[in-house]
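Residues 1 to 387, numbered by the UniProt record's numbering, are exactly what the sequence shown covers, in order. In this text, a Cβ means the ideal position worked out from N, Cα and C, and glycines have one as well. Remember, it's a predicted structure, so these values are computed and weren't measured experimentally.
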Amino acid sequence: MELLYGPVRDYAWGSRSAIAALQGRPVPSEGPEAELWLGAHPGAPAAVERDGARVSLLDELTAEPERWLGRQVVNRFGARLPFLLKVLAADAPLSLQAHPDAKQARAGYATDEARPAGERNYVDPYHKPELLVALSPFEALCGFRDPVASARALAAFGVPALEPVVAALRTGPAGLRTAVRTLLTWPAEERAGLVAAVVAAPADGPDAELARALAAAYPADPGVLVALLLNHVRLVPGEAIWMPAGNLHAYLRGCGVEIMAASDNVLRGGLTPKRVDVDELLRVLRFEVLDEPVCRARPVGPGVDCWPVPVDDFALYRVTVGGEVPAAELPVIGPRVVLCVSGAVTVDDGTGVLTLDRGQAAVGTAAGGPLRISGSGEAYVASSGLR
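In C-alpha coordinates form, the structure reads like this:
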(Lines of atoms letter the chains of each structure in order from A and count residues from 1; the text may use other names and numbers.)
(Lines give C-alpha, C1' and ligand atoms only; values in the text may rest on other atoms or scores of the structure.)
Protein backbone atom coordinates (compact mmCIF):
# COMPACT_ATOMS: atom_id res chain seq x y z
CA MET A 1 0.00 0.00 0.00
CA GLU A 2 1.17 3.54 -0.71
CA LEU A 3 -0.20 7.05 -0.37
CA LEU A 4 -2.49 8.27 -3.14
CA TYR A 5 -2.79 11.96 -3.94
CA GLY A 6 -6.05 12.95 -5.61
CA PRO A 7 -6.70 16.12 -7.62
CA VAL A 8 -9.58 18.40 -6.61
CA ARG A 9 -11.97 19.55 -9.34
CA ASP A 10 -13.09 23.17 -8.99
CA TYR A 11 -16.55 23.08 -10.57
CA ALA A 12 -18.68 26.13 -9.74
CA TRP A 13 -21.24 24.15 -7.72
CA GLY A 14 -18.61 22.91 -5.28
CA SER A 15 -18.22 23.60 -1.55
CA ARG A 16 -15.56 25.85 -0.06
CA SER A 17 -15.51 23.88 3.19
CA ALA A 18 -16.24 20.14 2.93
CA ILE A 19 -13.19 18.78 1.09
CA ALA A 20 -10.83 21.30 2.67
CA ALA A 21 -12.04 20.34 6.16
CA LEU A 22 -11.73 16.62 5.37
CA GLN A 23 -8.11 17.13 4.34
CA GLY A 24 -7.26 19.47 7.23
CA ARG A 25 -6.70 22.53 5.05
CA PRO A 26 -7.84 26.10 5.81
CA VAL A 27 -11.58 26.74 5.52
CA PRO A 28 -12.94 28.38 3.46
CA SER A 29 -10.86 27.31 0.47
CA GLU A 30 -9.86 29.92 -2.08
CA GLY A 31 -12.51 28.72 -4.52
CA PRO A 32 -15.19 26.05 -4.87
CA GLU A 33 -13.99 22.47 -4.47
CA ALA A 34 -16.47 20.04 -5.98
CA GLU A 35 -14.84 16.62 -6.32
CA LEU A 36 -11.75 14.83 -5.04
CA TRP A 37 -10.81 12.15 -7.61
CA LEU A 38 -9.10 9.00 -6.34
CA GLY A 39 -8.47 6.84 -9.37
CA ALA A 40 -6.82 6.59 -12.77
CA HIS A 41 -9.43 8.23 -14.98
CA PRO A 42 -7.70 10.16 -17.82
CA GLY A 43 -9.70 13.28 -16.97
CA ALA A 44 -7.91 13.77 -13.64
CA PRO A 45 -5.75 10.84 -12.52
CA ALA A 46 -4.49 10.67 -8.96
CA ALA A 47 -0.78 10.37 -8.27
CA VAL A 48 1.68 8.25 -6.31
CA GLU A 49 5.18 9.19 -5.21
CA ARG A 50 8.31 7.96 -6.94
CA ASP A 51 11.80 9.16 -5.90
CA GLY A 52 10.41 12.27 -4.26
CA ALA A 53 8.19 13.28 -7.18
CA ARG A 54 4.53 12.58 -7.86
CA VAL A 55 3.68 10.55 -10.94
CA SER A 56 0.31 9.75 -12.50
CA LEU A 57 -1.41 6.58 -11.35
CA LEU A 58 -2.67 6.27 -14.92
CA ASP A 59 0.91 6.17 -16.21
CA GLU A 60 1.80 3.55 -13.61
CA LEU A 61 -1.16 1.36 -14.63
CA THR A 62 -0.41 1.79 -18.31
CA ALA A 63 3.22 0.75 -17.85
CA GLU A 64 2.45 -2.33 -15.72
CA PRO A 65 -1.22 -3.27 -16.08
CA GLU A 66 -1.00 -6.85 -14.83
CA ARG A 67 1.01 -5.92 -11.73
CA TRP A 68 -1.44 -3.21 -10.77
CA LEU A 69 -4.71 -4.75 -11.92
CA GLY A 70 -4.13 -8.49 -11.89
CA ARG A 71 -4.99 -10.92 -14.66
CA GLN A 72 -8.61 -11.34 -13.54
CA VAL A 73 -9.36 -7.61 -13.75
CA VAL A 74 -7.47 -7.21 -17.06
CA ASN A 75 -9.36 -10.13 -18.60
CA ARG A 76 -12.70 -8.66 -17.54
CA PHE A 77 -12.18 -4.91 -18.07
CA GLY A 78 -9.01 -4.49 -20.12
CA ALA A 79 -5.89 -2.63 -19.02
CA ARG A 80 -7.69 0.09 -17.06
CA LEU A 81 -8.88 0.68 -13.51
CA PRO A 82 -12.61 -0.13 -13.81
CA PHE A 83 -13.77 2.17 -10.99
CA LEU A 84 -13.33 5.74 -9.82
CA LEU A 85 -13.70 6.77 -6.17
CA LYS A 86 -14.61 10.38 -5.39
CA VAL A 87 -15.52 12.69 -2.57
CA LEU A 88 -18.30 14.93 -3.89
CA ALA A 89 -19.20 18.21 -2.15
CA ALA A 90 -22.10 20.25 -3.54
CA ASP A 91 -23.21 23.67 -2.36
CA ALA A 92 -25.47 24.20 -5.38
CA PRO A 93 -27.51 21.86 -7.62
CA LEU A 94 -25.84 19.77 -10.30
CA SER A 95 -27.48 19.13 -13.67
CA LEU A 96 -30.40 16.82 -14.32
CA GLN A 97 -28.62 13.88 -15.88
CA ALA A 98 -28.53 10.19 -16.72
CA HIS A 99 -25.93 7.73 -17.94
CA PRO A 100 -26.06 5.12 -20.71
CA ASP A 101 -25.84 1.38 -20.28
CA ALA A 102 -22.85 -0.50 -21.71
CA LYS A 103 -24.45 -1.24 -25.07
CA GLN A 104 -25.64 2.36 -25.51
CA ALA A 105 -22.21 3.70 -24.56
CA ARG A 106 -20.39 1.54 -27.10
CA ALA A 107 -22.79 2.48 -29.90
CA GLY A 108 -22.86 6.16 -28.95
CA TYR A 109 -19.09 6.42 -28.76
CA ALA A 110 -18.67 4.75 -32.15
CA THR A 111 -21.09 7.27 -33.67
CA ASP A 112 -19.62 10.30 -31.90
CA GLU A 113 -15.99 9.63 -32.84
CA ALA A 114 -16.57 11.35 -36.19
CA ARG A 115 -18.15 14.46 -34.62
CA PRO A 116 -16.38 17.62 -33.40
CA ALA A 117 -15.57 17.52 -29.70
CA GLY A 118 -18.22 20.10 -28.81
CA GLU A 119 -20.97 18.02 -30.39
CA ARG A 120 -20.23 14.71 -28.69
CA ASN A 121 -22.41 13.07 -26.07
CA TYR A 122 -20.08 10.11 -25.53
CA VAL A 123 -16.43 10.54 -24.61
CA ASP A 124 -15.67 6.86 -23.98
CA PRO A 125 -17.30 3.48 -24.72
CA TYR A 126 -18.17 2.62 -21.10
CA HIS A 127 -21.23 2.71 -18.90
CA LYS A 128 -21.33 4.78 -15.71
CA PRO A 129 -23.47 3.33 -12.92
CA GLU A 130 -22.95 5.23 -9.66
CA LEU A 131 -23.38 4.80 -5.93
CA LEU A 132 -23.23 7.75 -3.53
CA VAL A 133 -23.00 7.36 0.26
CA ALA A 134 -23.69 10.44 2.37
CA LEU A 135 -20.94 11.74 4.66
CA SER A 136 -23.15 14.66 5.73
CA PRO A 137 -26.88 15.31 5.35
CA PHE A 138 -27.29 15.02 1.59
CA GLU A 139 -30.13 16.12 -0.67
CA ALA A 140 -30.72 14.72 -4.14
CA LEU A 141 -33.27 13.93 -6.81
CA CYS A 142 -33.18 10.28 -7.80
CA GLY A 143 -35.47 8.33 -10.11
CA PHE A 144 -39.09 8.94 -11.08
CA ARG A 145 -41.64 8.98 -8.30
CA ASP A 146 -45.29 7.95 -8.67
CA PRO A 147 -46.53 9.98 -11.68
CA VAL A 148 -49.91 10.52 -9.99
CA ALA A 149 -48.14 12.29 -7.13
CA SER A 150 -46.22 14.36 -9.68
CA ALA A 151 -49.51 15.27 -11.38
CA ARG A 152 -50.88 16.54 -8.08
CA ALA A 153 -47.73 18.59 -7.50
CA LEU A 154 -47.88 20.31 -10.90
CA ALA A 155 -51.66 20.81 -10.75
CA ALA A 156 -51.27 22.60 -7.40
CA PHE A 157 -49.53 25.49 -9.15
CA GLY A 158 -52.70 26.22 -11.13
CA VAL A 159 -50.80 27.07 -14.32
CA PRO A 160 -53.09 26.35 -17.32
CA ALA A 161 -50.18 25.72 -19.70
CA LEU A 162 -49.20 22.68 -17.62
CA GLU A 163 -52.55 20.91 -18.03
CA PRO A 164 -51.34 18.59 -20.87
CA VAL A 165 -48.39 17.52 -18.72
CA VAL A 166 -50.66 16.91 -15.73
CA ALA A 167 -53.04 14.87 -17.91
CA ALA A 168 -50.19 12.67 -19.16
CA LEU A 169 -48.93 12.04 -15.63
CA ARG A 170 -52.39 11.07 -14.43
CA THR A 171 -52.25 8.05 -16.75
CA GLY A 172 -49.44 6.62 -14.61
CA PRO A 173 -46.02 5.37 -15.74
CA ALA A 174 -47.21 5.16 -19.35
CA GLY A 175 -47.41 8.96 -19.42
CA LEU A 176 -43.95 9.68 -18.05
CA ARG A 177 -42.21 9.82 -21.42
CA THR A 178 -44.80 12.22 -22.82
CA ALA A 179 -44.61 14.45 -19.75
CA VAL A 180 -40.81 14.63 -19.75
CA ARG A 181 -40.57 15.20 -23.50
CA THR A 182 -43.21 17.94 -23.36
CA LEU A 183 -41.37 19.81 -20.63
CA LEU A 184 -37.86 19.45 -22.05
CA THR A 185 -38.95 20.52 -25.54
CA TRP A 186 -41.02 23.47 -24.34
CA PRO A 187 -40.66 26.39 -26.81
CA ALA A 188 -37.56 28.32 -25.87
CA GLU A 189 -39.28 31.69 -26.03
CA GLU A 190 -41.94 30.54 -23.53
CA ARG A 191 -39.76 28.85 -20.93
CA ALA A 192 -39.03 31.88 -18.75
CA GLY A 193 -42.71 32.73 -18.60
CA LEU A 194 -43.65 29.17 -17.66
CA VAL A 195 -41.11 29.01 -14.83
CA ALA A 196 -42.10 32.50 -13.64
CA ALA A 197 -45.76 31.45 -13.50
CA VAL A 198 -44.88 28.44 -11.36
CA VAL A 199 -42.74 30.53 -9.01
CA ALA A 200 -45.51 33.14 -8.66
CA ALA A 201 -48.23 30.58 -7.93
CA PRO A 202 -49.69 30.63 -4.38
CA ALA A 203 -48.68 26.99 -3.83
CA ASP A 204 -46.71 25.89 -0.78
CA GLY A 205 -45.07 22.75 0.55
CA PRO A 206 -41.86 20.87 -0.41
CA ASP A 207 -42.54 20.81 -4.17
CA ALA A 208 -43.14 24.56 -4.33
CA GLU A 209 -40.03 25.21 -2.23
CA LEU A 210 -37.91 23.02 -4.51
CA ALA A 211 -39.24 24.68 -7.66
CA ARG A 212 -38.50 28.14 -6.31
CA ALA A 213 -35.03 27.18 -5.16
CA LEU A 214 -34.12 25.72 -8.56
CA ALA A 215 -35.74 28.60 -10.45
CA ALA A 216 -33.60 31.09 -8.54
CA ALA A 217 -30.56 29.61 -10.31
CA TYR A 218 -32.24 28.58 -13.59
CA PRO A 219 -35.19 30.95 -14.21
CA ALA A 220 -35.76 29.88 -17.83
CA ASP A 221 -35.09 26.15 -17.55
CA PRO A 222 -37.95 23.62 -17.81
CA GLY A 223 -35.72 21.25 -15.85
CA VAL A 224 -37.14 23.07 -12.82
CA LEU A 225 -40.42 21.27 -13.50
CA VAL A 226 -38.90 17.95 -14.56
CA ALA A 227 -37.25 17.93 -11.13
CA LEU A 228 -40.71 17.69 -9.57
CA LEU A 229 -41.25 14.32 -11.27
CA LEU A 230 -38.37 12.76 -9.31
CA ASN A 231 -37.98 11.41 -5.79
CA HIS A 232 -36.70 14.18 -3.53
CA VAL A 233 -34.31 12.31 -1.24
CA ARG A 234 -32.74 13.50 2.01
CA LEU A 235 -30.00 11.16 3.14
CA VAL A 236 -28.47 10.93 6.60
CA PRO A 237 -24.80 9.93 6.85
CA GLY A 238 -24.37 6.29 5.86
CA GLU A 239 -27.44 6.15 3.61
CA ALA A 240 -26.89 5.86 -0.13
CA ILE A 241 -28.53 6.24 -3.51
CA TRP A 242 -27.85 3.86 -6.39
CA MET A 243 -28.04 5.29 -9.91
CA PRO A 244 -28.09 2.61 -12.60
CA ALA A 245 -28.14 3.32 -16.32
CA GLY A 246 -31.12 5.37 -17.44
CA ASN A 247 -31.87 6.77 -13.97
CA LEU A 248 -32.62 10.51 -14.12
CA HIS A 249 -31.04 12.23 -11.14
CA ALA A 250 -29.47 15.40 -9.78
CA TYR A 251 -27.48 16.14 -6.65
CA LEU A 252 -28.66 19.24 -4.80
CA ARG A 253 -26.38 19.73 -1.80
CA GLY A 254 -24.21 17.86 0.67
CA CYS A 255 -21.02 15.82 0.86
CA GLY A 256 -20.66 12.14 0.07
CA VAL A 257 -18.37 9.35 -1.06
CA GLU A 258 -19.18 8.37 -4.63
CA ILE A 259 -18.01 5.35 -6.58
CA MET A 260 -18.72 4.69 -10.23
CA ALA A 261 -17.61 2.77 -13.24
CA ALA A 262 -14.68 4.68 -14.74
CA SER A 263 -16.49 6.66 -17.41
CA ASP A 264 -17.34 10.30 -18.09
CA ASN A 265 -20.48 9.76 -20.20
CA VAL A 266 -23.13 12.19 -18.98
CA LEU A 267 -26.37 13.03 -20.80
CA ARG A 268 -27.85 16.24 -19.42
CA GLY A 269 -31.44 17.45 -19.55
CA GLY A 270 -31.31 20.80 -17.79
CA LEU A 271 -30.24 22.84 -14.75
CA THR A 272 -26.88 23.42 -16.38
CA PRO A 273 -25.08 25.76 -18.80
CA LYS A 274 -23.40 22.69 -20.34
CA ARG A 275 -24.41 20.80 -23.46
CA VAL A 276 -27.98 19.41 -23.41
CA ASP A 277 -29.19 16.82 -25.95
CA VAL A 278 -32.83 16.12 -25.16
CA ASP A 279 -33.32 13.52 -27.88
CA GLU A 280 -30.36 11.43 -26.73
CA LEU A 281 -31.33 11.77 -23.08
CA LEU A 282 -34.87 10.58 -23.83
CA ARG A 283 -33.43 7.65 -25.75
CA VAL A 284 -31.49 6.33 -22.77
CA LEU A 285 -33.91 7.20 -19.95
CA ARG A 286 -35.82 4.42 -18.28
CA PHE A 287 -39.34 5.65 -17.64
CA GLU A 288 -39.90 3.49 -14.60
CA VAL A 289 -41.03 4.39 -11.10
CA LEU A 290 -38.32 4.03 -8.46
CA ASP A 291 -40.30 3.16 -5.35
CA GLU A 292 -37.39 3.07 -2.90
CA PRO A 293 -34.45 5.26 -3.91
CA VAL A 294 -32.55 5.00 -0.60
CA CYS A 295 -30.03 2.16 -0.11
CA ARG A 296 -28.95 1.18 3.39
CA ALA A 297 -25.71 -0.52 4.34
CA ARG A 298 -25.53 -4.24 4.95
CA PRO A 299 -23.04 -5.73 7.42
CA VAL A 300 -20.66 -8.22 5.83
CA GLY A 301 -18.33 -8.77 8.77
CA PRO A 302 -17.25 -7.25 12.09
CA GLY A 303 -16.82 -3.53 11.45
CA VAL A 304 -17.49 -3.85 7.72
CA ASP A 305 -20.58 -2.70 5.79
CA CYS A 306 -21.29 -2.58 2.07
CA TRP A 307 -23.95 -1.43 -0.36
CA PRO A 308 -24.45 -4.31 -2.83
CA VAL A 309 -24.88 -3.27 -6.45
CA PRO A 310 -25.68 -5.38 -9.56
CA VAL A 311 -22.44 -4.58 -11.42
CA ASP A 312 -18.92 -5.97 -11.09
CA ASP A 313 -17.00 -2.80 -12.02
CA PHE A 314 -16.77 -1.81 -8.36
CA ALA A 315 -17.57 -2.58 -4.75
CA LEU A 316 -17.62 -0.10 -1.87
CA TYR A 317 -17.08 -0.95 1.80
CA ARG A 318 -17.21 1.14 4.95
CA VAL A 319 -14.83 -0.04 7.67
CA THR A 320 -15.18 1.17 11.25
CA VAL A 321 -12.50 0.06 13.71
CA GLY A 322 -11.69 0.79 17.33
CA GLY A 323 -13.21 -0.28 20.62
CA GLU A 324 -14.90 -3.67 20.31
CA VAL A 325 -13.63 -4.09 16.72
CA PRO A 326 -9.88 -3.39 16.80
CA ALA A 327 -9.34 -4.67 13.25
CA ALA A 328 -11.30 -5.77 10.19
CA GLU A 329 -10.39 -7.79 7.11
CA LEU A 330 -11.71 -7.58 3.53
CA PRO A 331 -11.00 -10.24 0.86
CA VAL A 332 -10.81 -7.81 -2.08
CA ILE A 333 -9.66 -8.83 -5.57
CA GLY A 334 -7.42 -6.68 -7.74
CA PRO A 335 -6.41 -3.07 -7.01
CA ARG A 336 -7.84 -1.30 -4.02
CA VAL A 337 -8.20 2.33 -2.86
CA VAL A 338 -8.67 3.28 0.80
CA LEU A 339 -9.88 6.69 2.02
CA CYS A 340 -9.82 7.57 5.73
CA VAL A 341 -12.72 9.86 6.67
CA SER A 342 -12.27 10.01 10.46
CA GLY A 343 -9.69 9.14 13.08
CA ALA A 344 -6.64 7.21 11.91
CA VAL A 345 -6.45 3.73 10.39
CA THR A 346 -3.60 1.40 9.54
CA VAL A 347 -3.88 -0.59 6.30
CA ASP A 348 -1.96 -3.77 5.54
CA ASP A 349 -2.44 -6.03 2.51
CA GLY A 350 0.77 -8.02 2.84
CA THR A 351 2.76 -5.72 0.57
CA GLY A 352 3.29 -2.95 3.10
CA VAL A 353 1.80 -1.25 6.15
CA LEU A 354 0.60 2.35 6.02
CA THR A 355 -1.22 4.59 8.51
CA LEU A 356 -3.76 7.06 7.14
CA ASP A 357 -5.03 10.13 8.93
CA ARG A 358 -8.37 11.76 8.17
CA GLY A 359 -8.50 12.88 4.54
CA GLN A 360 -5.60 10.70 3.38
CA ALA A 361 -5.92 7.93 0.79
CA ALA A 362 -3.89 4.88 -0.19
CA VAL A 363 -3.74 2.56 -3.18
CA GLY A 364 -2.59 -1.01 -3.47
CA THR A 365 -1.89 -3.35 -6.37
CA ALA A 366 -3.45 -6.70 -7.22
CA ALA A 367 -0.41 -8.35 -5.65
CA GLY A 368 -1.87 -7.58 -2.25
CA GLY A 369 -3.75 -10.18 -0.30
CA PRO A 370 -6.75 -9.65 1.99
CA LEU A 371 -6.86 -6.07 3.25
CA ARG A 372 -6.53 -5.67 7.02
CA ILE A 373 -7.54 -2.36 8.59
CA SER A 374 -6.91 -1.50 12.24
CA GLY A 375 -6.67 1.56 14.46
CA SER A 376 -9.49 3.87 15.53
CA GLY A 377 -11.44 5.49 12.74
CA GLU A 378 -13.57 5.06 9.67
CA ALA A 379 -12.47 4.37 6.11
CA TYR A 380 -14.05 3.62 2.74
CA VAL A 381 -12.52 0.91 0.57
CA ALA A 382 -13.07 0.72 -3.19
CA SER A 383 -12.24 -2.35 -5.24
CA SER A 384 -13.46 -4.24 -8.23
CA GLY A 385 -16.70 -6.12 -7.71
CA LEU A 386 -15.18 -9.40 -8.89
CA ARG A 387 -15.38 -12.45 -6.62
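Start and end residues, alpha helix (DSSP H) containing Phe77: Indexing the sequence shown from 1 puts residue 77 at position 77. Taken as a continuous stretch (DSSP letters only), the alpha helix (DSSP H) holding Phe77 covers Arg71 to Phe77.
Which partner residues does Trp242 have in the DSSP bridge list? To locate residue 242, count along the sequence shown from 1; it is residue 242. Trp242 is bridged to Leu131.
C-beta atoms of Ala161 and Leu184 nearer than 9 Å: In the sequence shown, residue 161 corresponds to position 161, counting from 1. In the sequence shown, residue 184 corresponds to position 184, counting from 1. Contact flag unset, no.
Assign Ser384 to one of three DSSP states: helix, strand, or coil. Residue mapping note: residue 384 aligns to position 384 of the sequence shown, counting from 1. Ser384: coil per DSSP, three-state reduction.
With 16 other Cβ atoms within 10 Å as the buried cut-off, status of Arg275: Mapped onto the sequence shown, residue 275 falls at position 275. When all chains shown are included, Arg275 counts as exposed.
Assuming Tyr126 contacts Ala105 (C-beta within less than 8 Å), just tell me the rounded distance between them. Locating residue 126 in the sequence shown gives position 126, where the first residue counts as 1. Locating residue 105 in the sequence shown gives position 105, where the first residue counts as 1. At roughly 6 Å, the Cβ-Cβ gap stays under 8 Å, so Tyr126 and Ala105 are in contact.
In terms of residue numbering, what span does the beta strand (DSSP E) encompassing Thr320 cover? Mapped onto the sequence shown, residue 320 falls at position 320. Here the beta strand (DSSP E) through Thr320 covers Ala315 to Val321.
Member of Leu285, Ser342 and Val266 whose CA lies at the smallest distance from the CA of Asp124: Here residue 124 refers to the residue found at position 124 when the sequence shown is read from its first residue. Comparing Cα positions, the closest option is Val266.
In angstroms with no decimal places, state the Cα-to-Cα distance between Gly14 and Tyr122. The sequence position of residue 14 within the sequence shown is 14, counting from 1. The sequence position of residue 122 within the sequence shown is 122, counting from 1. Roughly 24 Å between the two C-alpha positions.
Need the endpoints of the alpha helix (DSSP H) that Lys103 sits in, please. Here residue 103 refers to the residue found at position 103 of the sequence shown. Per DSSP, Lys103 belongs to the alpha helix (DSSP H) from Ala102 to Asp112.
Below 9 Å between beta carbons: does that hold for Ala379 and Val325? In the sequence shown, the residue the question calls residue 379 occupies position 379. In the sequence shown, the residue the question calls residue 325 occupies position 325. No, the Cβ-Cβ distance between Ala379 and Val325 is not below 9 Å.
As assigned by DSSP and simplified to three states, the class of Gly254: Position 254 of the sequence shown, counted from the first residue, corresponds to residue 254. Three-state result, Gly254: strand.
Taking only runs that begin and end inside the stretch 29-90, name each unbroken beta strand (DSSP E) of 3 or more residues, in chain order. 35-38, 47-50, 53-56 and 83-90
Would you grab the beta carbon distance between Gly143 and Leu248 for me? Rounded to a whole angstrom, and I think it's under 8 Å. To locate residue 143, count along the sequence shown from 1; it is residue 143. To locate residue 248, count along the sequence shown from 1; it is residue 248. About 7 Å separates the two Cβ atoms, so the contact holds.
Hey, out of Val347, Val363 and Ala382, whose CA is closest to Ile373's CA? Walking along the sequence shown from the start, residue 373 turns up at place 373. Among Val347, Val363 and Ala382, the Cα nearest to that of Ile373 belongs to Val347.
Figure out for me which residue from Glu139, Ser136, Ala168 and Phe157 has the closest Cα to the Cα of Val148. The residue you call residue 148 lines up with position 148 of the sequence shown. Looking at the Cα atoms, Ala168 is the closest of the given residues.
By a C-beta neighbour count over all protein chains shown, 10 Å radius and 16 as the cutoff for buried, is Pro370 buried or exposed? Reading the sequence shown from its first residue, position 370 is the one you call residue 370. Counting other Cβ atoms within 10 Å of its Cβ, Pro370 stays below 16 and is therefore classed as exposed.
Counting C-beta neighbours from all protein chains within 10 Å, is the total for Glu239 16 or more, i.e. buried, or is it exposed? On the sequence shown, position 239 is the one that residue 239 refers to. By the 10 Å Cβ count, Glu239 comes out buried.
If the criterion is Cβ atoms closer than 9 Å, does the pair Gly385 and Ala327 meet it? Reading the sequence shown from its first residue, position 385 is the one you call residue 385. Reading the sequence shown from its first residue, position 327 is the one you call residue 327. No, they are not a contact pair.
State the DSSP-derived secondary structure class of Arg120, mapped to helix, strand or coil. For the purposes of this step, residue 120 is taken as residue 120 along the sequence shown, with counting starting at 1. Of the three classes helix, strand and coil, the one that applies to Arg120 here is coil, per DSSP.
Neighbourhood of Leu210 by C-beta, 8 Å cutoff - its chain only, sequence neighbours within 5 removed: Start at 1 with the first residue of the sequence shown, and residue 210 comes out as number 210. Here the set comprises Ala227, Leu228 and His232.
In whole angstroms, give me the CA-to-CA distance for Ala151 and Pro219. Here residue 151 is taken as the residue at index 151 of the sequence shown, counted from 1. Here residue 219 is taken as the residue at index 219 of the sequence shown, counted from 1. If I take the Cα positions, the gap works out to 21 Å.
Output needed for Leu88: all residues of its chain with C-beta closer than 6 Å, excluding positions within five of it in sequence on either side, in chain order. Residue 88 sits at position 88 when you count from the first residue of the sequence shown. So the qualifying residues of the chain are Glu35, Gly256 and Glu258.
Through-space distance from Ile333 to Arg298, alpha-carbon basis: For the purposes of this step, residue 298 is taken as the residue at position 298 of the sequence shown. For the purposes of this step, residue 333 is taken as the residue at position 333 of the sequence shown. The alpha-carbon atoms of Arg298 and Ile333 are separated by roughly 20 Å.
Could you pull the DSSP bridge partners for Thr355 from this structure? Sequence index remark: in the sequence shown, residue 355 carries index 355 (1-based). Answer by DSSP bridge pairing, in chain order: Thr346.
Only counting the same chain, and skipping five residues up and downstream in sequence, which positions put a Cβ closer than 6 Å to that of Ala153? Counted from its first residue, the sequence shown places residue 153 at position 153. Residues of the same chain with a CB within less than 6 Å of the CB of Ala153, apart from the 5 flanking positions on each side, are Asp207 and Leu228 in chain order.
Counting C-beta neighbours from all protein chains within 10 Å, is the total for Val27 16 or more, i.e. buried, or is it exposed? Here residue 27 refers to the residue found at position 27 of the sequence shown. Looking at its Cβ environment, which holds fewer than 16 other Cβ atoms inside 10 Å, Val27 is exposed.
Among Gly270, Arg181 and Arg177, which one has its Cα closest to the Cα of Asp221? As a working mapping, residue 221 is identified with position 221 in the sequence shown. Measuring C-alpha to C-alpha distances from Asp221 to each of Gly270, Arg181 and Arg177 identifies Gly270 as the nearest.
Three or more C-beta pairs below 8 Å linking the stretch 302-316 and the stretch 341-358: With the rule of 3 Cβ pairs closer than 8 Å, the stretch 302-316 does not count as touching the stretch 341-358.
Nearest-angstrom Cα separation, counted from Glu189 out to Val309: Here residue 309 refers to the residue found at position 309 of the sequence shown. Here residue 189 refers to the residue found at position 189 of the sequence shown. Val309 and Glu189 have their C-alpha atoms spaced approximately 43 Å apart.
Which word fits Val304, buried or exposed, when buried means at least 16 other C-beta atoms lie within 10 angstroms of its C-beta? Along the sequence shown, one-based indexing puts residue 304 at 304. By the 10 Å Cβ count, Val304 comes out buried.
With C-beta atoms as the reference, is Leu141 less than 9 Å away from Ala250? Along the sequence shown, read from residue 1 onward, the residue named residue 141 stands at position 141. Along the sequence shown, read from residue 1 onward, the residue named residue 250 stands at position 250. Yes, they are a contact pair.
Is the Cβ-Cβ distance between Glu33 and Leu3 less than 9 Å? Stepping through the sequence shown from its first residue, residue 33 is reached at position 33. Stepping through the sequence shown from its first residue, residue 3 is reached at position 3. At least 9 Å separates the beta-carbon of Glu33 from that of Leu3.
Check Arg372 in the structure and name its three-state DSSP category. Against the sequence shown, residue 372 aligns to sequence position 372. Note: Arg372 maps to strand in three-state DSSP.
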